[in-house]
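Going by my numbering, 364 is the number at position 364 of the first sequence; the sequence numbering is gapless. Positions of the beta carbon are idealized from the N, C-alpha and C atoms, including for glycine. On a predicted model such as this, the values are computed, not experimentally measured, just so you know.
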Amino acid sequence: MTVVTRFAPSPTGYLHIGGARTALFNWLYARHHQRHGSGGRFLLRIEDTDRARSTEEAVAAIVDGLAWMGLDWDGEPISQFARAGRHAEAAATLLAEGKAYRCYCSPEELAAMREQARREGRKRLYDGRWRDRSPDETPPGVDPVIRFKAPQTGETVVDDLVQGTVQVANDQLDDMILLRADGTPTYMLAVVVDDHDMGVTRVIRGDDHLTNTFRQLQLYHALGWTPPRFAHIPLIHGPDGARLSKRHGALGVEAYRDAGFLPEAMRNYLLRLGWSHGDDEIISTDQAIDWFDLGGVGRAPARFDMARLTSLNGHYLRQTDDGTLAELVLAELVRRRSGPLPPEAEARVVHGLPGLKERAKTLLELAEKTEFYTNDRPLELTDKAAGLLTPDARDRLGRLRRRLDGTEAWTRDELETAARSFAEQENTKLAKIAQPLRAALTGTDVSPPIFEVMEVLGRSESLGRLDDVLGGR
RNA sequence: GACCCCAUCGUCUAGUCAGGUCUAGGACGUCACCCUUUCAAGGUGAAAACACGGGUUCGAAUCCCGUUGGGGUCACCA
Numbered sequence: 001m002t003v004v005t006r007f008a009p010s011p012t013g014y015l016h017i018g019g020a021r022t023a024l025f026n027w028l029y030a031r032h033h034q035r036h037g038s039g040g041r042f043l044l045r046i047e048d049t050d051r052a053r054s055t056e057e058a059v060a061a062i063v064d065g066l067a068w069m070g071l072d073w074d075g076e077p078i079s080q081f082a083r084a085g086r087h088a089e090a091a092a093t094l095l096a097e098g099k100a101y102r103c104y105c106s107p108e109e110l111a112a113m114r115e116q117a118r119r120e121g122r123k124r125l126y127d128g129r130w131r132d133r134s135p136d137e138t139p140p141g142v143d144p145v146i147r148f149k150a151p152q153t154g155e156t157v158v159d160d161l162v163q164g165t166v167q168v169a170n171d172q173l174d175d176m177i178l179l180r181a182d183g184t185p186t187y188m189l190a191v192v193v194d195d196h197d198m199g200v201t202r203v204i205r206g207d208d209h210l211t212n213t214f215r216q217l218q219l220y221h222a223l224g225w226t227p228p229r230f231a232h233i234p235l236i237h238g239p240d241g242a243r244l245s246k247r248h249g250a251l252g253v254e255a256y257r258d259a260g261f262l263p264e265a266m267r268n269y270l271l272r273l274g275w276s277h278g279d280d281e282i283i284s285t286d287q288a289i290d291w292f293d294l295g296g297v298g299r300a301p302a303r304f305d306m307a308r309l310t311s312l313n314g315h316y317l318r319q320t321d322d323g324t325l326a327e328l329v330l331a332e333l334v335r336r337r338s339g340p341l342p343p344e345a346e347a348r349v350v351h352g353l354p355g356l357k358e359r360a361k362t363l364l365e366l367a368e369k370t371e372f373y374t375n376d377r378p379l380e381l382t383d384k385a386a387g388l389l390t391p392d393a394r395d396r397l398g399r400l401r402r403r404l405d406g407t408e409a410w411t412r413d414e415l416e417t418a419a420r421s422f423a424e425q426e427n428t429k430l431a432k433i434a435q436p437l438r439a440a441l442t443g444t445d446v447s448p449p450i451f452e453v454m455e456v457l458g459r460s461e462s463l464g465r466l467d468d469v470l471g472g473r
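Here it is as structure tokens:
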């Protein structure tokens, strides 16, 4: 049987990190079965029944976020709101079969019940006062809600693929609302009807839905439908152990994209957060599709660790081929200067990128590191760089400059050979030459190997920058 | 508060379901050393954990109970 999973976010914000991981797990599960089983489909449903909180921008943000993450869904995204009629139909069926009833309670009555339940230390809220009342008792002018006539005895069991067998006594659960007074469906009804109609076979979602599952299971039974299998994955927490929230600085995946993270790093990081495959750490998406299973999902919540994401990103950055990386970095540079780079500067960036990429952990950092290649003469020197240019060092640089003038091929190897023999002749260590040279050519005390830098800069720019520092000598 | 879930280095985790091979392995981070023209990358090494208390057992990180701690859910939100 074909495995069908879905990702069902509510468009009230952005695709946050937790949602992205849920989507990833669902996607991986479907793609795994597509490759190794008898088929798999990954569907997208937008839970937009709360009209007041749902926005077009939020839907776009989720779609963009999924696209950036590289998670493609099958078929068209489904709007839950658009299916309200079908939900009402299901409620009507339950009503007709006596499995649901109209409730005319006022907000005040409900508030009182809530208050009393809390006082008595009960989880169960609604006391079911309209459960068995006859229709002629209905108060005039009040629009009723439709409530589910939930079983009051026995227990409901969830055989969860991650959490194991979890059960709750039915007397803990009250009669939930299916249809609001305005006739719109609530989440509980909508998910069940939609998951059923969409043929979903596996519901992989956050832990926070575990206790909802009991009621949803009861609904499946009342409707006479076969429920899907459930897998509730633990939530992601912030570094302090509290549930991940805005104050942890994590907004949506686009924030990570803008911070210079690569989607493959994000996928790898999120995959390993709560899921493991032995000691494997670096896992390609292709391998992940092969290996992913629900048995590897842990049951304890995991904390979000920026340092680890960053480290992984550095790995994937180094792994990215130079052409692709050049495109990404150039795009970032255009963004920051809000204009194109001079051709000469662009050529230097492209040429210098291989030496730069293993020194950066994010795209942003990488873009920053290209600065000394693109800056115009004369370069501004950092304090440390200026400190390296002592009178002695300048004298040596002057002599080196004359030596360099005669260099035939301006390549890193040629330049290094020349510098080494010059150092020998001066009876000094290479560092005494390389560091001042770095200061003069880059304006800083840190850079890729200096002879590589000279090659990238080219003869005239290198000599020009040297002359800027040497002044009138 | 009630109900439910969870508990191995600072963090992510392997090991737990089928107790012995665990003086608990890997990774990130930290520290040291090596490499080296700087910084990275890379290499080597170090410090670092079975929450606590009871059982069961010849033997428990692994099974059971309790305590403590953390988390989730209790809406005409999703």
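Considering only their Cβ atoms, is the gap separating residue j from residue i smaller than 8 Å?
i              : j                 : result
isoleucine 289 : arginine 35       : yes
leucine 341    : alanine 367       : no
glutamate 254  : alanine 61        : yes
aspartate 74   : leucine 43        : yes
aspartate 175  : phenylalanine 214 : no
valine 157     : glutamine 172     : no
proline 436    : arginine 465      : no
threonine 5    : glycine 39        : no
leucine 312    : alanine 222       : no
aspartate 208  : leucine 251       : no
arginine 21    : leucine 210       : no
arginine 412   : glutamate 452     : yes
valine 297     : valine 162        : yes
leucine 353    : aspartate 322     : yes
alanine 52     : leucine 178       : no
arginine 86    : aspartate 197     : yes
proline 185    : alanine 84        : yes
What did DSSP end up calling residue i once you bin it into helix, strand or coil?
i                 : result
valine 456        : helix
aspartate 160     : strand
glutamine 167     : strand
leucine 463       : helix
threonine 5       : strand
tryptophan 68     : helix
alanine 345       : helix
isoleucine 450    : helix
phenylalanine 261 : coil
glycine 295       : helix
glutamate 155     : strand
glycine 443       : coil
leucine 178       : strand
arginine 133      : coil
arginine 31       : helix
leucine 43        : strand
arginine 53       : coil
isoleucine 62     : helix
arginine 473      : Low per-residue confidence applies at arginine 473: pLDDT is 47, beneath 50, and the placement is therefore not dependable, though the value from the model is reported in the following sentence. Coil.
valine 200        : coil
isoleucine 289    : helix
arginine 475      : Outside the displayed span of the chain (1 to 473) sits residue 475, for which this structure offers no information.
Might you give, ordered along the chain, the residues of its own chain that have their beta carbon closer than 6 Å to the beta carbon of residue i, omitting 5 neighbours on each side?
i          : result
valine 203 : Pro228 and Phe230
valine 469 : Ala440
serine 10  : Glu47
Considering only residues of the same chain and omitting the five flanking positions on each side of residue i, which have a CB-CB separation below 7 Å?
i            : result
valine 350   : Ala326
arginine 473 : With a pLDDT of only 47 at arginine 473, under the threshold of 50, the placement of this residue in the model should not be trusted, and no figure is reported.
leucine 71   : Ala23, Leu24 and Trp27
serine 462   : Leu441 and Met454
arginine 459 : Trp410
leucine 380  : According to the sequence displayed, residue 380 carries glutamate and not leucine. The answer, listed in chain order, is Gly443.
Please find out if some non-hydrogen atom of the ligand NAD comes closer than 7 Å to the beta-carbon of residue i.
i            : result
glutamate 56 : With respect to small molecules bound, the structure shown includes none, and the ligand NAD cannot be examined in it.
Considering only residues of the same chain and omitting the five flanking positions on each side of residue i, which have a CB-CB separation below 8 Å?
i             : result
threonine 138 : Arg102, Tyr104 and Pro144
leucine 457   : Arg348, Tyr373, Leu441 and Arg465
proline 151   : Asn170 and Gln218
serine 245    : Gly238
glutamate 115 : none
glycine 406   : none
- Message: Pairs of beta-carbons, one from the segment 410–424 and one from the segment 361–374, closer than 8 Å: are there three or more?
- Response: Taking 8 Å as the limit for Cβ pairs, the verdict is that the segment 361–374 does not touch the segment 410–424.
- Message: Check whether the segment 37–52 and the segment 72–89 are in contact - that is, three or more C-beta pairs closer than 8 Å.
- Response: Taking 8 Å as the limit for Cβ pairs, the verdict is that the segment 72–89 does touch the segment 37–52.
- Message: Does the segment 437–448 come into contact with the segment 379–399, if we say contact requires no fewer than three beta-carbon pairs (one atom in each stretch) closer than 8 Å?
- Response: Contact holds: three or more Cβ-Cβ distances are below 8 Å.
- Message: Taking contact to mean 3 or more Cβ pairs, one atom from each stretch, closer than 8 Å, check whether the segment 296–312 and the segment 232–239 are in contact.
- Response: By the criterion of at least three beta-carbon pairs nearer than 8 Å, the segment 296–312 is in contact with the segment 232–239.
- Please specify which runs of the alpha helix (DSSP H), each continuous and at least 4 residues long, are wholly inside the segment 377–432, giving them in chain order. Counting whole runs of 4 or more residues, the segment 377–432 contains the alpha helix (DSSP H) stretches 383–388, 391–405 and 412–426.
- Message: Quick check on the DSSP output: what are the complete beta strand (DSSP E) runs of length 3 or more inside the segment 206–246, in order along the chain?
- Response: Correct list: 229–233.
- Runs of alpha helix (DSSP H) wholly within the segment 298–333 (minimum 4 residues, chain order): Uninterrupted alpha helix (DSSP H) stretches at least 4 residues long and entirely within the segment 298–333 occur at 306–319, given in chain order.
- Query: Which parts of the segment 86–123 are runs of the beta strand (DSSP E), unbroken and 3 residues or longer, counting only runs that do not cross its ends?
  - Reply: You should have 100–103.
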